[in-house]
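S.K.:
Residue numbers (the working numbering): 3 to 173.
(1) In angstroms, rounded to a whole number, what distance separates the CA positions of residue 22 and residue 40?
(2) With C-beta atoms as the reference, is residue 28 less than 8 Å away from residue 108?
(3) Can you tell which of 103, 14, 4, 50 has the C-alpha that lies nearest to the C-alpha of residue 85?
(4) Looking at the unbroken alpha helix (DSSP H) that takes in residue 23, where does it start and where does it end?
(5) Can you tell me whether DSSP reads residue 47 as helix, strand or coil?
(6) Alpha carbon to alpha carbon, how far is residue 35 from residue 79? Give it in angstroms, no decimals.
(7) Quick check on residue 123: buried or exposed, where buried means 16 or more other Cβ atoms within 10 Å of its Cβ?
(8) What is the DSSP secondary structure of residue 97, reduced to helix, strand or coil?
(9) Straight-line CA distance for residue 10 to residue 83?
(10) Could you tell me the alpha carbon to alpha carbon distance between residue 87 and residue 26, rounded to whole angstroms?
(11) Measure from the alpha carbon of residue 96 to the alpha carbon of each residue in 24, 8, 6, then state which is nearest.
(12) Apart from the five residues on each side of it in sequence, which residues of its chain come closer than 8 Å, Cβ to Cβ, to residue 101?
So, in structure tokens, the structure goes:
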């Protein structure tokens with residue numbers, strides 16, 4: 003339990019720093035969009051772990067006592083994480099065009115082989131029924147954000163999309 007408390011404190015600190023950076027220069031987060039989303043995912047995991055863990059403890063304590071104060075009320079980190087993630091989401095929505103432009107510029111500077119390998123790596127971790135549609139949507143969004151898409155637009159073909167989606171386990 004102490005490990006999760008330390009994680010929540012670290013994530014809270016990192017989210018606060020991220021928000022300060024995001025407010026000052028949102029374009030800096032373009033190349034690090036994946037890290038921003040990963041930090042949000044970590045925060046989500048810790049909040050969900052805390053809630054599920056405390057609900058289990060609450061049900062045990064409720065059997066012993068008639069009135070029990072909810073343990074999450076005393077854990078300010080969980081409440082702060084929820085607020086900070088909400089603020090990051092608001093900032094992402096506010097500056098989405100700026101972040102998308104800089105993220106597209108960053109990806110356009112990658113070689114097409116590197117981009118395809120990153121997309122395949124991502125696809126191997128995330129299995130969704132509409133992955134091929136998500137892949138097409140992502141490539142089209144990147145093409146719209148940056149008109150000069152270089153050799154990536156020439157090498158990303160339906161064959162690549164098919165090989166990406168067919169390499170995933172069905173489910």
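Glycine residues also receive a C-beta, built at the ideal position from the N, C-alpha and C atoms.
Just so it is clear, the structure is predicted and the values come from calculations on it, not from any experiment.
M.R.: According to the structure data:
(1) As a first step, residue 22 is located in the chain shown; it is residue number 20 there, counting from the start. As a first step, residue 40 is located in the chain shown; it is residue number 38 there, counting from the start. Their Cα atoms are separated by approximately 18 Å.
(2) Within the chain shown, residue 28 is the residue found at index 26, counting from 1. Within the chain shown, residue 108 is the residue found at index 106, counting from 1. No. Outside cutoff.
(3) Along the chain shown, one-based indexing puts residue 85 at 83. The option with the nearest alpha carbon to residue 85 is 14.
(4) Along the chain shown, read from residue 1 onward, the residue named residue 23 stands at position 21. Looking at the DSSP string, the run of the alpha helix (DSSP H) that includes residue 23 is 4-26.
(5) In the chain shown, residue 47 corresponds to position 45, counting from 1. Three-state DSSP puts residue 47 in a helix.
(6) The residue labelled residue 79 in the question sits at position 77 within the chain shown. The residue labelled residue 35 in the question sits at position 33 within the chain shown. Residue 79 and residue 35: Cα-Cα distance of roughly 24 Å.
(7) Here residue 123 refers to the residue found at position 121 of the chain shown. The residue in question, residue 123, is exposed, as its Cβ has fewer than 16 Cβ neighbours within 10 Å.
(8) Counted from its first residue, the chain shown places residue 97 at position 95. In the structure shown, residue 97 sits in coil (DSSP, three-state: anything other than H, G, I, E or B).
(9) Residue numbering aside, residue 10 sits at position 8 when the chain shown is read from its first letter. Residue numbering aside, residue 83 sits at position 81 when the chain shown is read from its first letter. Using only the alpha carbons, I get a separation of about 8 Å.
(10) Against the chain shown, residue 87 aligns to sequence position 85. Against the chain shown, residue 26 aligns to sequence position 24. Cα-Cα distance, rounded: 18 Å.
(11) The count along the chain shown starts at 1 and reaches residue 96 at position 94. Among 24, 8, 6, the Cα nearest to that of residue 96 belongs to 24.
(12) For the purposes of this step, residue 101 is identified with residue 99 of the chain shown, where counting begins at 1. Taken in chain order, the residues that qualify are 28, 29, 31, 32, 35, 94.
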